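Peer 1:
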Amino acid sequence: MFALLKLELEKLFRAKSFYLSFIVLISFVVLMLWGFYTYAERKTGGQAVEQFKYTYESKQYFNGLTFALYSVLFSFTLLLPIFVSMSAGSQIAGESRAGTLRMICTRPISRASLVLTKFLVTALHAALLLTFFIGLNLIVGLIFVGWGNLELYPGPLNLVDAPGKIMRDEALMRFAYAILSGTWALLVIAALALLCSVVFDSPVQATVMTIAAYLTLYIVGRVEFFEHLRPYFFTTDMEFWRDVFKPDIPWQSFWHNAFVCGAYTIGLLLTTVVIFERKDIVT
Amino acid sequence: MWVKLFLLILFCLMIAGAVHFSEPSKSEQSDSIAETRASLRLLTWNIGYAELEDDTRAHDKDLPAVADVIQREDPDAVALQELTGNAQLKVLLGLLQGKYRGAVAQQGSGDRFEAILVKDAGATFTPVAAGGHYALAASFRPSSSMPEITFLSAHADAFNAARRRRYTEALIDWAQSRMQSSDVFIAGDFNFELKAANETNLYTDNLKHDSESYSHILRNFRDLGSGAGDTAINDRRIDYIFAPAKRAHVGRVEVLRDAAVGRMDHWPLLAEVGF
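Residue numbers (the working numbering), protein chains in the order written: chain A, 1 to 283; chain B, 1001 to 1275.
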């Protein structure tokens, strides 16, 4: 199992797509920095002061921590799931497409172990992506925007119902929590993509099907017609990861949704193992 | 086999964890006002119609139903929005059989009026200029044991968040100037769109304006209806009663969802505060 894990990790670190995902995230941070910086300047500058008498209580609202929070929340919805789907979607289907799957399965390892190893590698990729992305945002925020406390207001980001504040050091801890909760949430996507990777023989097909399922549920969940269906979508439960940025973390619902996400992940993984064990590998 | 067994056990544990941490049903969150000496009951209601109607202001035929709700709930003061003018107020006061005194706000740039009804016969009414519109304030004393109350009826722009923000700023400036001498309560339809989850955009200027307006109010006031739910159709909570932040005793706060008649798109919000 450990030899297999080592092999799979080597494959991951040698893949161009692994580095591509980090490059795209860097580009996104640069874009966010440009947008945030110019927006903050415009909204705290002359015209804004002339137009309105009062702004947020603190003039330091637009600081590095706010920048990191906006950047992470915006990207988490669409950007990170794409990379996780790509990574997981290519795990089995990629081997199948390359013609190496049959050879791997002839080795003295169980198919279940192979699926689990590939899932662990994908999970590591997701964790690395999120750690890198959050770390980069915090560093860029510190250097280019400046430090301050994390101030939260009702409306934007939809995190709080009343104005709240998280002190700087505590806020940094919350970003660390977000790495864990965010990775846990992304594992649902990873498990779904791995299942698609077993069902379809093409990695592109597996990735596209995963993203299509995710986006369909995400979009449908935002349409009022389907409001009553929203609680049954895994995309709704996945949003629990954001709760770590609330001044008072609602632990009860946090753990509930974390366990629901865990059930989705494990359930999908179990299904993947069952299907893969019965699969007739002809390539 | 052991892998599948392990995954199955893990799956069951996850389900058990999710059930264990499932949220208990929400109970009404209100402070007890049993120990307080007196209480103040306030009601706000935009009695206008939904956007699709030819005339979205209040309709004369609905006034008896409005009067019925007021008589049933017996509030000390009522803030109404979207009246067509003084004539409707007179009809309403007549239906309330002289139990209330009232006034409508001065006409601003719009075609609809805010109004206030107060039980206290000694109440005085003051127009409040705010961002090209007029709100209305009433000063009264519900009972001899209670402090003087200033109660504002407000209606912020429905279509422009920047205008809502300017209106709110002016209103709060006025309220703050009165807070030293009386307890100021602000009620009305502010049209704040703060449910970002329903927005297709992740971040908008409108959202920021409404966020700043609402946050500005909460610096000195407490949002009594924050846990009472939506006050208008399409899952919107846009009607508010703001109380001085120091008022700790909040009793019944309820959106009266059976009260709307005709094609009204708002429900009245009722709040009780202890002194």
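Glycine residues also receive a C-beta, built at the ideal position from the N, C-alpha and C atoms. Here the structure is a predicted model, which means the values were calculated and not measured.
In its own chain, which residues sit with a C-beta less than 8 angstroms from the C-beta of B:Gly1164, not counting the 5 before and 5 after it?
Peer 2: Taking the first residue of the second sequence as 1, we reach residue 1164 of chain B at position 164. One point to set straight first is that residue 1164 of chain B is Arg, not Gly, in the sequence displayed. Excluding residues within five positions, the ones whose Cβ falls inside 8 angstroms are Ala1156, Asp1157, Phe1190, Asn1191, Phe1192, His1209, Asp1210, Ser1213.
Peer 1: If you reduce the DSSP assignment to three classes, tell me which class B:Gln1029 lands in.
Peer 2: Taking the second sequence and counting its residues from 1, the one referred to as residue 1029 of chain B is at position 29. The predicted position of B:Gln1029 is uncertain, since its pLDDT is 49 and thus under 50; no value can be drawn from it.
Peer 1: In the DSSP assignment, find the alpha helix (DSSP H) that holds B:Asn1046 and state where it starts and stops.
Peer 2: Here residue 1046 of chain B corresponds to residue number 46 of the second sequence, with the count starting at 1. Looking at the DSSP string, B:Asn1046 is not in any alpha helix (DSSP H); the run it does join, the beta strand (DSSP E), is 1039-1046.
Peer 1: Spell out whether any CB of chain A is found under 7 angstroms from the CB atom of B:Val1003.
Peer 2: In the second sequence, counting from the first residue as 1, residue 1003 of chain B sits at position 3. Yes, because at least one Cβ of chain A sits closer than 7 angstroms to the Cβ of B:Val1003.
Peer 1: Does A:Pro163 get closer than 7 angstroms to chain B when you measure Cβ to Cβ?
Peer 2: One-based indexing of the first sequence puts residue 163 of chain A at position 163. Chain B contact via Cβ: present.
Peer 1: Please tell me whether B:Met1014 has its Cβ less than 7 angstroms away from any Cβ of chain A.
Peer 2: Here residue 1014 of chain B corresponds to residue number 14 of the second sequence, with the count starting at 1. Yes, its Cβ sits closer than 7 angstroms to a Cβ of chain A.
Peer 1: Measure from the alpha carbon of B:Gly1227 to the alpha carbon of each residue in A:Asp161, A:Ala258, A:Val244, A:Arg230, then state which is nearest.
Peer 2: Position 227 of the second sequence holds residue 1227 of chain B. The shortest Cα separation from B:Gly1227 among A:Asp161, A:Ala258, A:Val244, A:Arg230 belongs to A:Asp161.
Peer 1: For B:Ser1027, count neighbouring C-beta atoms within 10 Å of its own C-beta (all shown protein chains included) and say buried if the count is 16 or more, exposed if not.
Peer 2: If you number the second sequence from 1, residue 1027 of chain B lands on position 27. Here the model assigns B:Ser1027 a pLDDT of 48, short of 50, so the residue's position is not dependable and the matter cannot be decided.
Peer 1: Would you tell me roughly how many angstroms separate the C-alpha atoms of B:Gly1017 and A:Thr265, rounded to the nearest one?
Peer 2: For this step, residue 1017 of chain B is matched to residue 17 along the second sequence. For this step, residue 265 of chain A is matched to residue 265 along the first sequence. Roughly 14 angstroms between the two C-alpha positions.
Peer 1: Check whether the stretch 10-26 of chain A touches the stretch 124-143 of chain A, counting contact only when three or more Cβ pairs, one atom from each stretch, lie closer than 8 angstroms.
Peer 2: Yes, they touch.
Peer 1: Would you say A:Pro156 reaches chain B, if we count a Cβ-Cβ gap shorter than 7 angstroms as a contact?
Peer 2: The count along the first sequence starts at 1 and reaches residue 156 of chain A at position 156. Closer than 7 angstroms to some Cβ of chain B, the Cβ of A:Pro156 qualifies, so yes.
Peer 1: For chain A, is any of its Cβ atoms less than 7 angstroms away from the one on B:Leu1007?
Peer 2: Within the second sequence, the letter at position 7 stands for residue 1007 of chain B. Closer than 7 angstroms: yes.
Peer 1: What does DSSP give as the partner residue(s) for B:Tyr1240 in the beta ladder?
Peer 2: Your numbering for residue 1240 of chain B matches position 240 in the second sequence. Paired residues: B:Gly1188.
Peer 1: Within the continuous alpha helix (DSSP H) that includes B:Ser1153, where are the two ends?
Peer 2: Along the second sequence, one-based indexing puts residue 1153 of chain B at 153. Taken as a continuous stretch (DSSP letters only), B:Ser1153 belongs to no alpha helix (DSSP H), being part of the beta strand (DSSP E) at 1149-1155.
Peer 1: Report all residues from its chain with a CB closer than 8 angstroms to the CB of A:Ala93; omit the five preceding and five following residues, and keep chain order.
Peer 2: Residue 93 of chain A sits at position 93 when you count from the first residue of the first sequence. For A:Ala93, where only same-chain residues beyond five positions count, the Cβ hits under 8 angstroms are Cys196, Ser197, Val198, Phe200, Asp201, Ser202, Pro203, Gln205, Ala206.
Peer 1: Closest to A:Ala68 by C-alpha separation, out of A:Leu33, A:Leu78, A:Ser87, would be which residue?
Peer 2: The count along the first sequence starts at 1 and reaches residue 68 of chain A at position 68. Here the closest residue by C-alpha is A:Leu33.
Peer 1: Along chain A, in chain order, which residues have C-beta atoms closer than 8 angstroms to that of B:Leu1218?
Peer 2: Indexing the second sequence from 1 puts residue 1218 of chain B at position 218. Correct list: Ala162, Pro163.
Peer 1: First and last residue of the beta strand (DSSP E) that includes B:Glu986?
Peer 2: Past the boundaries of the shown model lies residue 986 of chain B; chain B is included only from 1001 to 1275, so the question cannot be answered.
Peer 1: With a threshold of 7 angstroms between beta-carbons, can A:Phe259 be considered close to chain B, or not?
Peer 2: Counting from 1 along the first sequence, the entry for residue 259 of chain A is found at position 259. Chain B, which has a Cβ nearer than 7 angstroms to the Cβ of A:Phe259, makes this yes.
Peer 1: List the residues of chain A whose Cβ lies closer than 7 angstroms to the Cβ of B:Ala1018, in chain order.
Peer 2: Along the second sequence, one-based indexing puts residue 1018 of chain B at 18. Result: His256, Phe259, Val260, Ala263.
Peer 1: Given that a residue counts as buried once 16 or more other Cβ atoms are within 10 Å of its Cβ, and exposed if not, what is A:His256?
Peer 2: The count along the first sequence starts at 1 and reaches residue 256 of chain A at position 256. So A:His256 counts as buried.
Peer 1: Between the Cα of B:His1133 and those of B:Ser1145, B:Ala1170, B:Phe1125, spot the shortest distance and give me the residue it belongs to.
Peer 2: Locating residue 1133 of chain B in the second sequence gives position 133, counting from the first residue. Among B:Ser1145, B:Ala1170, B:Phe1125, the Cα nearest to that of B:His1133 belongs to B:Ala1170.
Peer 1: What is the DSSP secondary structure of B:Val975, reduced to helix, strand or coil?
Peer 2: For residue 975 of chain B there is no data in the structure shown, the boundaries of chain B being 1001 and 1275.
Peer 1: Report the residues of the stretch 1060-1092 of chain B with a CB closer than 9 angstroms to any CB of chain A, ordered along the chain.
Peer 2: Residues: none.
Peer 1: Which residues in the same chain as A:Tyr214 place their Cβ atom closer than 8 angstroms to its Cβ, once the five residues preceding and following it in sequence are excluded?
Peer 2: Sequence index remark: in the first sequence, residue 214 of chain A carries index 214 (1-based). So the list reads Pro81, Ser85, Ile189, Leu192, Thr235, once near-sequence residues are dropped.
Peer 1: Return the CA-CA distance between A:Val121 and A:Phe240, expressed in angstroms with no decimal places.
Peer 2: Here the question's residue 121 of chain A lines up with position 121 in the first sequence. Here the question's residue 240 of chain A lines up with position 240 in the first sequence. Whole-angstrom Cα-Cα distance: 23 angstroms.
Peer 1: Whole angstroms is fine: what's the gap from B:Ile1241's alpha carbon to B:Gln1081's?
Peer 2: For this step, residue 1241 of chain B is matched to residue 241 along the second sequence. For this step, residue 1081 of chain B is matched to residue 81 along the second sequence. If I take the Cα positions, the gap works out to 13 angstroms.
Peer 1: Going by the beta-carbon positions, is the gap between B:Ala1243 and B:His1266 smaller than 7 angstroms?
Peer 2: As a first step, residue 1243 of chain B is located in the second sequence; it is residue number 243 there, counting from the start. As a first step, residue 1266 of chain B is located in the second sequence; it is residue number 266 there, counting from the start. No, they are not a contact pair.
Peer 1: How would you label B:Gly1131, buried or exposed, when you count the other beta carbons within 10 angstroms and need 16 or more for buried?
Peer 2: Locating residue 1131 of chain B in the second sequence gives position 131, counting from the first residue. So B:Gly1131 counts as buried.
Peer 1: Which residues does DSSP list as the beta-bridge partners of B:Gln1081?
Peer 2: One-based indexing of the second sequence puts residue 1081 of chain B at position 81. DSSP output for B:Gln1081 lists B:Asn1046 as bridge partner(s).
Peer 1: Where do the ends of the alpha helix (DSSP H) carrying B:Asp1210 lie?
Peer 2: Here residue 1210 of chain B refers to the residue found at position 210 when the second sequence is read from its first residue. 1205-1218 is the span of the alpha helix (DSSP H), which, as asked, contains B:Asp1210.
Peer 1: Taking the alpha carbon of B:Val1184 as the reference point, which residue from B:Thr1150, B:Ala1050, B:Leu1005 has its own alpha carbon closest?
Peer 2: Taking the second sequence and counting its residues from 1, the one referred to as residue 1184 of chain B is at position 184. Here the closest residue by C-alpha is B:Thr1150.
Peer 1: Work out the CA separation of A:Val220 and B:Asp1060 for me, nearest whole Å.
Peer 2: One-based indexing of the second sequence puts residue 1060 of chain B at position 60. One-based indexing of the first sequence puts residue 220 of chain A at position 220. Their Cα atoms are separated by approximately 41 angstroms.
Peer 1: Assuming A:Pro156 and B:Leu1207 are in contact, meaning their beta carbons sit under 8 angstroms apart, how far apart are those beta carbons, in whole angstroms?
Peer 2: Locating residue 156 of chain A in the first sequence gives position 156, where the first residue counts as 1. Locating residue 1207 of chain B in the second sequence gives position 207, where the first residue counts as 1. Going by Cβ atoms, the distance from A:Pro156 to B:Leu1207 rounds to 5 angstroms, so yes, they are a contact pair.
Peer 1: Taking A:Tyr70 as the reference, give the member of A:Arg107, A:Trp251, A:Leu138 with the closest Cα.
Peer 2: Indexing the first sequence from 1 puts residue 70 of chain A at position 70. Of A:Arg107, A:Trp251, A:Leu138, the residue nearest in Cα terms is A:Leu138.
Peer 1: Give, in chain order, every residue of the stretch 15-27 of chain A whose Cβ lies closer than 7 angstroms to some Cβ of chain B.
Peer 2: Answer set for the stretch 15-27 of chain A: empty.
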